[in-house]
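Here is the structure we will look at, set down as structure tokens.
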Amino acid sequence: MAILVTGGAGFIGSHTVVELLNAGHEVVVLDNLCNSNPKSLERVKEITGKEVKFYEGDILDRDILQKIFRENDIESTIHFAGLKAVGESVHKPIEYYENNIAGTVTLVDEMRKAGIKNIIFSSSATVYGDPAEIPITENCPKGVCTNPYGWTKWMIEQILTDLQKADPEWNVVLLRYFNPIGAHPTGKMGENPNGIPNNLMPYITQVAIGKLEKLSIFGNDYDTPDGTCVRDYIHVMDLASGHVAALKKLAPGSGLSIYNLGTGIGYSVLDIVHNFEKANDMKLNYVMAPRRAGDVPQCYSDASKAERELGWKAKYGIFEMCRDSWNWQKSNPNGYED
Ligand code: NAD
Ligand code: UFG
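The opening residue of the sequence shown carries number 120 in the numbering used here; numbering runs sequentially from there.
This is the structure:
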């Protein structure tokens, strides 16, 4: 029996494939490489010594989905494939709705035709909008998203919830990630953004390596301890092991399960800058800049449900997150292009 990992060549997917292989699972990856490099899967093999069966293709393509289900004994899907750039989604909403929502509907339709009714979906803390409670539990109502990307996560959660309600044979796990950073501790795998990064940590590492001149900190007048926004950063290896733990919620009769994957600790932008400087013994060039549209002041999880029900808890702290992000960047200045 194998696990289909859509988007498995990407940042979180590739790290999860490592943890799945290390846990003894057989893995099949489907990725159209629109935001990734197949070298990530070569690195997976270097790290684990194990093969990953790779199909280059699109979740919107029914033929390739049927081929995968015909040629492999798939029991469950971990569904990472999707477009994820918040700013781009504002300018290209139809591309985002098509790829993420139509893609997911196509995938689950072909899964059910093949009799496979187990799925773990990559959702996001973005579905909480400006959260009604801090720390955020899974009972916190979903909020109003500020961009089409966020709405795709919100709507796909609803679609999978409705599907499970209509057909209780489905087992669905919705994982709401907080802010994934870090990289594989070997420095062989990490985040590989195209162009100028939008997210904080890849921006910081590119300033540190001299590709970008300085970090702009978006807003220092929020109602937070130091005025900068607070987030729940989680090491990508912890996120990866969270998926392995979540597989147990695909046992027959599990139904719908929702978990936050975070550490439960909030760090401000300035905390991240200072921790990065300390962990890597360097100074970062940064300036204060105006607020960025759509940012919420604080977003961090109550991660106790995953610990209680999955036996999963984040192991890595902010030091390792900063160390491993930098280790990846300095060993691979051009990502997988080297
Ligand atoms: P990523 O871009 O590195 O990985 C996504 C992968 O999906 C890429 O390899 C891309 O080529 C592939 N892909 C996209 N559309 C596809 C399609 N139609 N068919 C086949 N493959 C396709 O992103 P990531 O950071 O690894 O994120 C993985 C998932 O987690 C995404 O769904 C993302 O929305 C979600 N997520 C990410 C974050 C984050 O901050 N990184 C936070 C919350 C949720
Ligand atoms: N930030 C800066 N300067 C930068 C980049 C970011 O100050 O150059 C700040 C942001 O304003 C924010 C914090 O750093 O306060 C974190 O920003 P990110 O862009 O790294 O992350 P977000 O919290 O905005 O969003 C991330 C993912 C989304 C996901 C969301 C879930 O990018 O996909 O977490 O909480 F939906």
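Just so it is clear, CB atoms sit at the ideal spot from N, CA and C, and this is done for glycine as well.
(1) Which word fits arginine 410, buried or exposed, when buried means at least 16 other C-beta atoms lie within 10 angstroms of its C-beta?
(2) Going by DSSP, what residue range makes up the beta strand (DSSP E) through alanine 408?
(3) Any idea what DSSP makes of cysteine 441, helix, strand or coil?
(4) How is serine 195 classed by DSSP in three states: helix, strand or coil?
(5) If contact is defined by three or more beta carbon pairs under 8 Å, each pair taking one atom from either stretch, is the stretch 402–409 in contact with the stretch 224–241?
(6) If you check the beta carbons only, do methionine 274 and isoleucine 315 fall under 7 Å apart?
(7) Please determine if the stretch 199–217 and the stretch 248–256 are in contact, where contact requires at least 3 C-beta pairs separated by less than 8 Å.
(8) In terms of alpha-carbon separation, which member of Pro267, Val292, Glu229, Glu456 lies closest to arginine 189?
(9) Going by the CB atoms, is the gap between tyrosine 296 and leucine 380 shorter than 7 Å?
(10) For my contact list, tyrosine 419 and valine 349 are in at a C-beta cut-off of 8 Å; report their separation, rounded to the angstrom.
(11) Starting from proline 299, trace the beta strand (DSSP E) both ways and give me its first and last residue.
(12) What separation, rounded to the nearest whole angstrom, lies between the Cα atoms of valine 148 and glycine 346?
(13) What's the C-alpha gap between cysteine 264 and valine 415?
(14) Tell me whether the stretch 380–393 and the stretch 157–173 touch, counting them as touching only if at least three CB pairs, one residue from each stretch, are closer than 8 Å.
(15) Where are the beta strand (DSSP E) runs, 3 residues long or more, that stay fully inside the stretch 226–279, in chain order?
(16) Cα-Cα, which of Gly454, Leu429, His393, Phe173 is closest to isoleucine 437?
(17) By how many angstroms is the C-alpha of valine 227 removed from the C-alpha of glutamate 194?
(18) Based on DSSP bridge pairs, tell me the residues matched to glutamine 417.
(19) Is the number of C-beta pairs between the stretch 300–308 and the stretch 162–174 that are closer than 8 Å three or more?
(20) Where tyrosine 352 and methionine 320 are concerned, what is the direct C-alpha to C-alpha distance, given to the nearest angstrom?
(21) Given this structure, state the Cα-to-Cα distance separating serine 133 from alanine 142, to the nearest angstrom.
(22) Should glycine 329 go down as buried or exposed, given a rule of 16 or more other Cβ atoms within 10 Å for buried?
(23) Tell me, to the nearest whole angstrom, how far the beta carbon of leucine 294 is from that of phenylalanine 240; I am working on the premise that it is less than 8 Å.
(24) Which residue comes first and which comes last in the beta strand (DSSP E) that contains serine 376?
(25) Would you tell me roughly how many angstroms separate the C-alpha atoms of leucine 358 and valine 136, rounded to the nearest one?
(26) Between the C-alpha atoms of isoleucine 187 and threonine 223, what's the straight-line distance to the nearest angstrom?
(27) Is isoleucine 253 near ligand 2 - that is, is its Cβ less than 6 Å away from at least one heavy atom of it?
(28) Express the C-alpha separation of alanine 364 and alanine 433 in angstroms, rounding to a whole number.
(29) Which residues in the same chain as glutamate 288 place their Cβ atom closer than 7 Å to its Cβ, once the five residues preceding and following it in sequence are excluded?
(30) Grab me the residues of leucine 429's own chain with a C-beta within less than 8 Å of its C-beta, minus the 5 sequence neighbours each way, in chain order.
(31) Is there at least one non-hydrogen atom of ligand 3 closer than 6 Å to the beta-carbon of alanine 244?
(32) State the start and end residues of the unbroken beta strand (DSSP E) segment that holds threonine 135.
(33) Please indicate yes or no: does the CB of cysteine 348 lie closer than 6 Å to some heavy atom of ligand 2?
(34) If you draw a straight line from the C-alpha of asparagine 218 to the C-alpha of isoleucine 178, how long is it?
(35) Anyone know if the C-beta pair for leucine 123 and threonine 196 falls short of 7 Å?
In short:
(1) Within the sequence shown, numbered from 1, the residue matching residue 410 stands at position 291. Classification for arginine 410: exposed.
(2) In the sequence shown, counting from the first residue as 1, residue 408 sits at position 289. Looking at the DSSP string, the run of the beta strand (DSSP E) that includes alanine 408 is 405–408.
(3) Here residue 441 refers to the residue found at position 322 when the sequence shown is read from its first residue. In the structure shown, cysteine 441 sits in a helix (DSSP, three-state: H, G or I).
(4) Counting from 1 along the sequence shown, the entry for residue 195 is found at position 76. The answer is strand: DSSP assigns serine 195 an E or B state.
(5) no
(6) If you number the sequence shown from 1, residue 274 lands on position 155. If you number the sequence shown from 1, residue 315 lands on position 196. No. Outside cutoff.
(7) no
(8) In the sequence shown, counting from the first residue as 1, residue 189 sits at position 70. Nearest of Pro267, Val292, Glu229, Glu456 to arginine 189, Cα basis: Glu229.
(9) For the purposes of this step, residue 380 is taken as the residue at position 261 of the sequence shown. For the purposes of this step, residue 296 is taken as the residue at position 177 of the sequence shown. Yes, they are a contact pair.
(10) Indexing the sequence shown from 1 puts residue 419 at position 300. Indexing the sequence shown from 1 puts residue 349 at position 230. Yes, tyrosine 419 and valine 349 are in contact; Cβ-Cβ is about 6 Å, under 8 Å.
(11) Residue mapping note: residue 299 aligns to position 180 of the sequence shown, counting from 1. Element bounds for proline 299: 298–300.
(12) For this step, residue 148 is matched to residue 29 along the sequence shown. For this step, residue 346 is matched to residue 227 along the sequence shown. When rounded, the distance between both Cα atoms is 42 Å.
(13) Reading the sequence shown from its first residue, position 145 is the one you call residue 264. Reading the sequence shown from its first residue, position 296 is the one you call residue 415. Roughly 11 Å separates the two Cα atoms.
(14) no
(15) 237–243
(16) Indexing the sequence shown from 1 puts residue 437 at position 318. Minimum Cα distance to isoleucine 437 is reached at His393.
(17) In the sequence shown, residue 194 corresponds to position 75, counting from 1. In the sequence shown, residue 227 corresponds to position 108, counting from 1. Looking at the two C-alpha atoms, the distance is approximately 13 Å.
(18) As a working note, residue 417 is residue 298 in the sequence shown. Paired residue(s): Val349.
(19) yes
(20) As a first step, residue 352 must be located in the sequence shown, where it is residue number 233. As a first step, residue 320 must be located in the sequence shown, where it is residue number 201. Roughly 10 Å separates the two Cα atoms.
(21) For the purposes of this step, residue 133 is taken as the residue at position 14 of the sequence shown. For the purposes of this step, residue 142 is taken as the residue at position 23 of the sequence shown. Looking at the two C-alpha atoms, the distance is approximately 14 Å.
(22) The count along the sequence shown starts at 1 and reaches residue 329 at position 210. The residue is exposed, with fewer than 16 neighbouring Cβ atoms inside 10 Å.
(23) Here residue 294 corresponds to residue number 175 of the sequence shown, with the count starting at 1. Here residue 240 corresponds to residue number 121 of the sequence shown, with the count starting at 1. Their Cβ separation, rounded to whole angstroms, is 7 Å, which keeps leucine 294 and phenylalanine 240 in contact under 8 Å.
(24) Stepping through the sequence shown from its first residue, residue 376 is reached at position 257. Run containing serine 376: 375–380, per the beta strand (DSSP E) assignment.
(25) Counted from its first residue, the sequence shown places residue 358 at position 239. Counted from its first residue, the sequence shown places residue 136 at position 17. Those two C-alpha atoms are separated by around 11 Å.
(26) For the purposes of this step, residue 187 is identified with residue 68 of the sequence shown, where counting begins at 1. For the purposes of this step, residue 223 is identified with residue 104 of the sequence shown, where counting begins at 1. Distance between the alpha carbons of isoleucine 187 and threonine 223 is about 16 Å.
(27) By 1-based counting over the sequence shown, the position of residue 253 is 134. Outside the cutoff, so no.
(28) Taking the sequence shown and counting its residues from 1, the one referred to as residue 433 is at position 314. Taking the sequence shown and counting its residues from 1, the one referred to as residue 364 is at position 245. Looking at the two C-alpha atoms, the distance is approximately 12 Å.
(29) Your numbering for residue 288 matches position 169 in the sequence shown. Closer than 7 Å at the Cβ level, and outside the excluded window around glutamate 288, lie Lys236.
(30) In the sequence shown, counting from the first residue as 1, residue 429 sits at position 310. Only Gly361, Ala364, Ala365, Lys367, Lys368, Tyr378 meet the Cβ criterion.
(31) Among the ligands present in this structure, namely ligand 1 and ligand 2, ligand 3 is not found.
(32) In the sequence shown, the residue the question calls residue 135 occupies position 16. Counting along the chain, threonine 135 falls outside any beta strand (DSSP E), though it belongs to the alpha helix (DSSP H) covering 130–141.
(33) On the sequence shown, position 229 is the one that residue 348 refers to. True, at least one ligand heavy atom lies under 6 Å from that Cβ.
(34) On the sequence shown, residue 218 is found 99 positions in, with the first residue counted as 1. On the sequence shown, residue 178 is found 59 positions in, with the first residue counted as 1. The straight-line gap from Cα to Cα measures roughly 8 Å.
(35) In the sequence shown, counting from the first residue as 1, residue 123 sits at position 4. In the sequence shown, counting from the first residue as 1, residue 196 sits at position 77. In contact: leucine 123 and threonine 196 (Cβ atoms closer than 7 Å).
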